Amino acid sequence: MSAVDQPRVRRRRVPRLAVGLAAIAAALGVSACGSSDDGGGGASAGSRPHVGKQVAIVEALSGDAGYMKASCGAIEEGRRLGFKMDAAQGPKEWDAVKFAGVTSAVLARQPDGLVYMPEDPKTSLPPVKPAVAQGLKLVTIDATLADPSLVTSFIASDHYAGGQLAAREVLRLIGGRGKVLTEAVAPGHPIQIARVQGFESVIKDAPGVEYLGAHYPRGDADVTTIASDAAAVLRKHPDIAAIYTTVQPSAEGSITALREAGLLGKVKIVEWDANEYGLKELRAGAIDTLVAQHPEEAGSLAVQQLAKAFDGERAEPEVHSGLTLITKDNLDDPEVQELIAPGHVCS
Amino acid sequence: MSVDQPLEAIEEVSFSAPGRFQRLLLAISLRPVSAVVTAFVITVAIFSVLSPEYFPTLDNARTIALNASVVLVLATSATYVVIAGELDVSVGSVLVFAGVVSAKVMQAVGGNGVGVSLLGLAVALACGLAWGALNGILVTRARLSSIIVTLASLGSALGLARVLSTGQDFVDFPTSMTDFGSGTAFGVSHLVYVAAVVMLIGGVVLSRTRFGRFTKAIGSNVQAARRAGIPVERHVLVIFVLSGMSAGLAGWLSMARFSSTAIASHAQDTFNALTGVLLGGVGLFGGAGAMVGVLFGTLIPVVLDTGLVLVGVQSFWQQVAVGAVLVGAVYVDRLRRERAE
Chain A
1 MSAVDQPRVR RRRVPRLAVG LAAIAAALGV SACGSSDDGG GGASAGSRPH
51 VGKQVAIVEA LSGDAGYMKA SCGAIEEGRR LGFKMDAAQG PKEWDAVKFA
101 GVTSAVLARQ PDGLVYMPED PKTSLPPVKP AVAQGLKLVT IDATLADPSL
151 VTSFIASDHY AGGQLAAREV LRLIGGRGKV LTEAVAPGHP IQIARVQGFE
201 SVIKDAPGVE YLGAHYPRGD ADVTTIASDA AAVLRKHPDI AAIYTTVQPS
251 AEGSITALRE AGLLGKVKIV EWDANEYGLK ELRAGAIDTL VAQHPEEAGS
301 LAVQQLAKAF DGERAEPEVH SGLTLITKDN LDDPEVQELI APGHVCS
Chain B
1 MSVDQPLEAI EEVSFSAPGR FQRLLLAISL RPVSAVVTAF VITVAIFSVL
51 SPEYFPTLDN ARTIALNASV VLVLATSATY VVIAGELDVS VGSVLVFAGV
101 VSAKVMQAVG GNGVGVSLLG LAVALACGLA WGALNGILVT RARLSSIIVT
151 LASLGSALGL ARVLSTGQDF VDFPTSMTDF GSGTAFGVSH LVYVAAVVML
201 IGGVVLSRTR FGRFTKAIGS NVQAARRAGI PVERHVLVIF VLSGMSAGLA
251 GWLSMARFSS TAIASHAQDT FNALTGVLLG GVGLFGGAGA MVGVLFGTLI
301 PVVLDTGLVL VGVQSFWQQV AVGAVLVGAV YVDRLRRERA E
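First to last, the sequence lines map onto chains A and B. Quick note on the numbering used here: the first sequence kicks off at 1 and runs consecutively. Quick note on the numbering used here: the second sequence kicks off at 1 and runs consecutively.
This is the structure:
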């Protein structure tokens, strides 16, 4: 989404997290993200207009680790900035109607600001539209709304930059030489497009690399077809050096094909997201590197933008939270441990 | 295995004004099984010529069989459902639901032993049985259309699976189970043996037993079947239960193979199985079909997926190719039916 239609702005991080990230980046010998501007992070909590304003949070799915962390980040940073933070609310299942119900209930308390994690750009729009017209300040995380004029600021990972980061990591892992394949899903999905295009912008220019292209399964994310596709590629190119998988089903299918071809561990894999599957296979040695997003940072960036909006400053229309490469080497670092810890309910 | 029209029928047919191409199609299509086998042989021959180095190898055959195995299990039961004149589009979701519940139970019990894996298998089968029974009861007792009932199950089974798992995949399984899923015997994956046994039983029952004959009788004419004293409601209910149970088995096999419940990744399974059934010459309006046809019908899309990659065709064309073959097969099926009437 970010790389496709909206201008990218320079990222800002919470200083506490930024210190840790810089350390990781240094340890890895890579930059955690394209442009890093770690100047003054959060706004100072003085006698600004935003102090004392009430901010609510709506998650697209209650109990999801990523959303929980984003909420925790928002609540923690919001308190620091002097907001009155409500506990996060969200439906127990992925359901547009239930999501709209929860949103309406939250808005019935008439908060001044809302940290909104939409279920869908279109279906999540009607529940908030009247409130925004009456002055509600809205910041979205992860996805934005079909009508960006309702949104004060949109916080998400820079999936294009993440793709570039993954490509440089692949080059490091394979020593700059060899055949590289991308296994992606859902062609046309903006996040997938950004992850693939970012990767290709770097890998296609690498002189020692024979790039085999991006492969997509029949059906959105059909793991059986991914395995069958990867198996066929491995038959033709048993000397393949690395596979870049843009989402969990791609990794599931590719790793299964590698295991069945007896090539597990011989082919490098860089996968998106530090989810439970990714971490298990990282520890088992099947995956070499995970591209991890920073949901907690996204939460704190969201309330920082809200504070700006209330204080009459210009809020950034789009802000990117950071990314971290996780390997076996930095898995035990405290900063990474914090990043991959299971989510918990903050209140 | 049985074919529904005797071979002699081909000679007896008088062609009204057919071109040579249509006559050839007709000759092939009069025996539905020979149509799909011919298509399979042609597909394999084309890829063997285009990719002689990689395609016609034993290793590749093994990989194709493995990649078809879970779909073959689903296609076996789908054959009965379609022949009986019904549809079950919920199997992909029931598969995920059964997998999630089974994974939850195995995690609660803990341990890596064979006992835990078998318990997980039993739980998966029981979950499939429950959904199948629910579908079957709604179709036979509440007299609702099976496509509507199973469309509802498609959504609710996946929804419940997400509630139970809070949307997070289970990724820790007993090693005895994952060893089985990734293991081989005589060079061939265990999953292929399971699929072969399921399909063999399904084929024999369909062509050699009363159960199979009842299924075909119900599909070709429900009223006639009822007057002939066939317990139609009970029979259809049993078919839906079997369909659910095969989804449960497929769910367990899939977890054993991928070491993950892969909640988001099975939406296509139902349609892969149905594609196999339809390509296999089982008419969408019930009454006829043979398991050999379904076997080859299920293999064709997997062969296309593999072959097109080996030949180096962009992956989007795989979807186009499978779609084209399906339309061709249904067209051949229509020709066959017109002649049969």
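Beta carbons are placed, not taken as given, at the ideal position from N, Cα and C, and that holds for glycine. On a predicted model such as this, the values are computed, not experimentally measured, just so you know.
Within the region 116-175 of chain B, complete alpha helix (DSSP H) segments of at least 4 residues are found at 146-165, given in chain order. In the DSSP assignment, H215/A falls within the unbroken beta strand (DSSP E) covering 209-215. By alpha-carbon distance to G101/A, the top candidate from E119/A, K84/A, Q293/A is E119/A. Restricting attention to S117/B, G251/B, N60/B, G115/B, the CA atom closest to the CA of V309/B is found in N60/B. For L61/A, the chain B residues whose C-beta falls within less than 9 Å of its own C-beta are R162, T166, G167, listed in chain order. Take D88/B, set aside five residues on each side of it, and the residues of its chain with a beta-carbon closer than 6 Å to its own are V81, T150, S243, in chain order. For the pair T152/A and C72/A, the Cα-to-Cα distance works out to about 20 Å. Per the C-alpha coordinates, the member of A321/B, V332/B, L304/B positioned closest to N67/B is L304/B. C-alpha of Q248/A to C-alpha of K216/B: approximately 42 Å in a straight line.
Residues of chain B whose Cβ lies closer than 8 Å to the Cβ of V233/A are, in chain order, V309. Here the C-alpha atom of Q305/A lies approximately 20 Å from the C-alpha atom of P121/A.
The alpha-carbon separation between R235/A and V171/B amounts to approximately 27 Å. Cβ-Cβ distances below 7 Å link S254/A to E183, I226, A230, I243, T245, I269 in the same chain, with the five nearest sequence neighbours on each side left out; the list follows chain order. Not a single C-beta of chain A is nearer than 8 Å to the C-beta of L72/B. Straight-line spacing of the CA atoms in A56/A and V115/A works out to 6 Å. Using a CB distance cut-off of 8 Å, A250/B does not count as an interface residue toward chain A. It is roughly 26 Å from the alpha-carbon of A133/A to the alpha-carbon of A70/A. Legend: CB atoms of the region 42-57 of chain B lying less than 7 Å from CB atoms of chain A belong to residues Y54. Contact between the region 167-184 of chain A and the region 124-143 of chain A is absent: fewer than 3 CB-CB pairs across the two stretches fall below 8 Å.
Residue nearest to E252/A within the set I240/A, A221/A, A241/A, V345/A is A221/A (criterion: CA-CA distance). Less than 8 Å separates the beta-carbon of V91/B from that of A247/B. For I226/A, the enclosing alpha helix (DSSP H) begins and ends at 223-236. Under the 10 Å beta carbon count, D329/A is surrounded by fewer than 16 other beta carbons and is classified as exposed. The beta carbon of Y277/A sits closer than 8 Å to the beta carbons of Q248, A251, E252 from its chain, once the five residues preceding and following it are set aside; these are given in chain order. By a beta-carbon distance limit of 8 Å, L299/B contacts I64/B. Their separation comes to about 7 Å. Looking at the backbone, the Cα of V332/B and that of G181/B are separated by about 37 Å. In summary, W317/B is exposed, with fewer than 16 beta-carbon neighbours lying within 10 Å of its beta-carbon over all protein chains present. When DSSP reads this structure, T327/A sits in no beta bridge, so it has no partner.
Between P127/A and T144/A, the CB-CB gap reaches or exceeds 8 Å.
The three-state secondary structure of Q293/A, taken from DSSP, is strand. Annotation: the continuous beta strand (DSSP E) that includes L138/A extends over 137-141. The contact set of E276/A on chain B, defined by CB atoms closer than 7 Å, consists of Q168, D169, V171 in chain order.
Within the region 191-219 of chain A, the residues whose Cβ lies closer than 7 Å to any Cβ of chain B are, in chain order, H215, Y216, R218, G219.
The DSSP-derived three-state label of M117/A is coil.
Shortest Cα-Cα distance from Y160/A to any of L212/A, E200/A, L138/A involves E200/A. It is roughly 12 Å from the alpha-carbon of T57/B to the alpha-carbon of G307/B.
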